[in-house]
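Here's the structure, in structure tokens; my notes come after.
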Amino acid sequence: MQEFGREARILAGRKIYFDWEGFFWDSGDWSEEVAVLLAWEGGLSELTATHWKVMRFFRDYYAYHGRAPLNRHLREGTELSLSELESLFPGGIRLGARRLSGLPNPKSCF
Amino acid sequence: MSERLIYLDNAATTFPKPREVLDEMVRSYSESGVSPGRGSYDLAVQAGDLVEQARRQVALFFGAPDPNRVIFTANATDALNLAFNGLLRPGDHVISTRLEHNSVLRPLHYFRERGWISFDLVPFDDRGFIDPEAIARSFKPNTRAVVVSHASNVLGTLQPMKDIGRLCAQLGIPLIIDASQSAGSVPIDMTAWQASAVAFTGHKALFGPTGIGGLVLHPDLDIQASRFGGTGVDSRNPEHTSTFPHRLEAGTLNLMGIIGLSAGLNFIAQKGMEAIHRQEMALLARLRDGLLECSRVEMYCAADLKDHVAVLTLNVDGLNPEDAGAILDADFNIAVRVGLHCAPLAHQQLGTLQRGAIRFSPGLFNTEEDIDHAIAALTSMSTRS
């Protein structure tokens, strides 16, 4: 269902809005239950402890700083190289890890 | 990972700035940083002299006949808006290219959406060049201007401005050159090229700070003011003055930026523009050659680097360019520009509109070792399982 350039979906019994690239319209709509469903849709049948560590770092950082982590903070905070992180999530860092973590679309130079 | 940042985004802005430029900015602004051209006390006159000296430098640099037609602006986008607003009238037609930056595309789109103008965009060939004859074929009786980016900020290709200028002159159509990506890298002679206007920015290859640019006009181009205000001259007159350069300059100038621009021009004169360009192109060729064996790296319009500035744009198969930029930054300490580079139609023609690409732009302060690090990083990224 398209509304004002955003798409509403019913996930885990809740109506949640996503933008044109599948990023959460409102980061507050994220939940672990929804993340599991979205991961499954994206081809991740199981979220490992490493996936959760990355997503929790994204979310904690965003909650504290009000923006996504700098690249070097992401590397330090997850204790993963960004090359490893990119391989870990289908879609990579931006369209995979960041999107699944419920952070807003960065919309940088696109 | 390199211990220090390897900055390969000089096409966005040169970094670091030469120490000579920064020192001169601080020294000169500390001594003479008063409102230029507004007061009669000695220091104000001296500040005004700094501005006029910079006008003469810029005119000489671009082969412009009259320093009073050097208009200082905030950047090239500002200069282009000034040119379009002062030149285009309802019913006009404009010819430009698919290589243009949004600094050209968006103003033209704005005017067209309001029904004021129409425009045609000439495509580039598979080597990244505009055919002047293709521009000639787009001429219409109501064509008011031709606007061409001298160097593509995506591909680095230098367009044949002299040939384009000759065709424009034959029909009496003003040629406006966007020199954002070329000024400071290669010589520009607007008189020899029969160009009516050159828009430039100071913070790229001219080694100045951000926030300063300009519009250099040929005296034959009649361009109207589109913003009005204080100029320091003819203050009793409720009408904005029609004399140049004040006709197009309203409000206090960016003296600090002008000092930096002037110092940047001095730096280039001292180093030699050709020597700087040769050094940067050698680094670019090293990068290009080092990546030839990477089967998963696709480079755009880089087979022949003749008539190029130091820009190389590429993609790694299977890797989102934005993620590639993040990996280069965090895992290899290499700064590059990813995305669409504000030139969506160039990417559309390359087939990279959806995700963009990765742009490498070495500068004067890069070394061969920096380039070898970049080659190693891309090789590593492109050979991951």
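Chains B and V are the protein sequences, given in the same order. Be aware that the first sequence starts at 399, since it is given in the numbering used here, and climbs by one per residue. Be aware that the second sequence starts at 35, since it is given in the numbering used here, and climbs by one per residue. Quick reminder that beta carbons are idealized off the backbone N, C-alpha and C, glycines included. Computed from a predicted structure; not experimentally measured.
Cβ pair residue i, residue j closer than 8 Å
i	j	result
A358 (chain V)	V350 (chain V)	yes
M224 (chain V)	V250 (chain V)	yes
S214 (chain V)	N187 (chain V)	yes
A110 (chain V)	D197 (chain V)	no
A344 (chain V)	G190 (chain V)	yes
L501 (chain B)	S425 (chain B)	yes
A179 (chain V)	L122 (chain V)	yes
T347 (chain V)	A391 (chain V)	yes
I491 (chain B)	L478 (chain B)	no
S216 (chain V)	I222 (chain V)	yes
Q383 (chain V)	P70 (chain V)	no
G236 (chain V)	G242 (chain V)	yes
R281 (chain V)	A259 (chain V)	yes
H375 (chain V)	R393 (chain V)	yes
L379 (chain V)	L142 (chain V)	no
A466 (chain B)	R496 (chain B)	yes
S66 (chain V)	L77 (chain V)	yes
A168 (chain V)	N469 (chain B)	no
A316 (chain V)	A233 (chain V)	no
T131 (chain V)	S183 (chain V)	yes
F163 (chain V)	L205 (chain V)	no
Own chain residues within Cβ distance below 6 Å of residue i, not counting five before or after
i	result
N102 (chain V)	F278 and P279
D341 (chain V)	L192
I17 (chain V)	What is shown of chain V runs 35 to 419, which leaves residue 17 (chain V) out entirely.
R89 (chain V)	P101 and V104
S62 (chain V)	I293
G199 (chain V)	L209, W227, Q228 and A229
Same chain, Cβ closer than 8 Å to residue i, neighbours up to 5 away in sequence not counted
i	result
P488 (chain B)	G440, G441, L442 and G494
F262 (chain V)	H274 and A284
Q313 (chain V)	L398
V434 (chain B)	L445
N288 (chain V)	F106, A108, G245 and I246
P99 (chain V)	A93, T225, H252 and P253
A170 (chain V)	L201
R444 (chain V)	The question about residue 444 (chain V) has no answer, for chain V in this structure spans 35 to 419.
Exposure label - residue i; buried when at least 16 CB within 10 Å
i	result
E134 (chain V)	buried
G149 (chain V)	exposed
N354 (chain V)	buried
P175 (chain V)	exposed
K238 (chain V)	buried
A406 (chain B)	exposed
I361 (chain V)	buried
D404 (chain V)	buried
M195 (chain V)	buried
W438 (chain B)	exposed
T401 (chain V)	exposed
Q388 (chain V)	exposed
S499 (chain B)	buried
Close beta carbons around residue i, own chain, < 7 Å, minus the five adjacent residues each side
i	result
L56 (chain V)	none
L165 (chain V)	Note that residue 165 (chain V) is Asp in the sequence shown, not Leu. Counting only Cβ-Cβ distances below 7 Å, and skipping sequence neighbours, we find D159.
C328 (chain V)	L412, T413 and S416
A476 (chain B)	First, the residue type needs correcting, since residue 476 (chain B) is Thr and not Ala in the sequence shown. The answer, listed in chain order, is K451, V452, F455 and L483.
V432 (chain B)	L409, A410 and I414
A46 (chain V)	R371
N119 (chain V)	S260
R473 (chain B)	S479 and L480
E356 (chain V)	V372 and G373
L464 (chain V)	The structure shown does not extend to residue 464 (chain V), since chain V spans only 35 to 419, so no value can be given for it.
Partners in chain D for residue i, counting only beta-carbon separations shorter than 8 Å
i	result
G441 (chain B)	The displayed structure is made up of protein chains B and V, and chain D is not among them.
Contact test: residue i Cβ vs the ligand NAP heavy atom, cutoff 7 Å
i	result
N187 (chain V)	With respect to the ligand NAP, the structure offers nothing, as it holds no ligand at all.
- Where the stretch 457-478 of chain B meets chain V: residues whose CB sits under 7 Å from a CB there: N469, R470, L472 and R473
- Query: Would you call the stretch 147-155 of chain V and the stretch 116-136 of chain V touching, i.e. three or more CB-CB distances under 8 Å?
  - Reply: yes
- Cβ contact check for the stretch 86-95 of chain V and the stretch 290-304 of chain V: 3 or more pairs under 8 Å: yes
- Item | Inter-stretch contact (C-beta, 8 Å, three-pair minimum) for the stretch 411-419 of chain B and the stretch 449-461 of chain B | no
- When you check each C-beta in the stretch 372-388 of chain V against every C-beta of chain B, which residues fall closer than 8 Å? V372, G373, L374, H375 and C376
- Item | Within 8 Å of chain B by C-beta, residues of the stretch 342-366 of chain V in sequence order | L353, N354, E356, D357, A360, I361, D363, A364 and D365
- Touching or not, the stretch 313-331 of chain V and the stretch 398-413 of chain V, by the rule of three or more beta carbon pairs under 8 Å? yes
- Task: Compile a chain-ordered list of the residues in the stretch 304-332 of chain V whose CB is closer than 7 Å to at least one CB of chain B.
- Result: none
- Query: Any contact of the stretch 366-377 of chain V with the stretch 40-51 of chain V, i.e. 3+ C-beta pairs under 8 Å?
  - Reply: yes
- Query: For the stretch 118-143 of chain V, which residues have a CB atom closer than 9 Å to at least one CB atom of chain B, in sequence order?
  - Reply: none
- Message: Give me the subset of the stretch 405-433 of chain B whose CB atoms are less than 8 Å from a CB atom of chain V, sorted by chain position.
- Response: none
- With 7 Å as the limit, tell me which residues of the stretch 277-303 of chain V have their beta carbon closer than that to any beta carbon of chain B; keep them in chain order. none
- Residues in the stretch 78-98 of chain V with C-beta within 7 Å of chain B's C-beta atoms, listed in sequence order? none
- If contact means a Cβ-Cβ distance below 7 Å, which residues of the stretch 186-197 of chain V contact chain B? none
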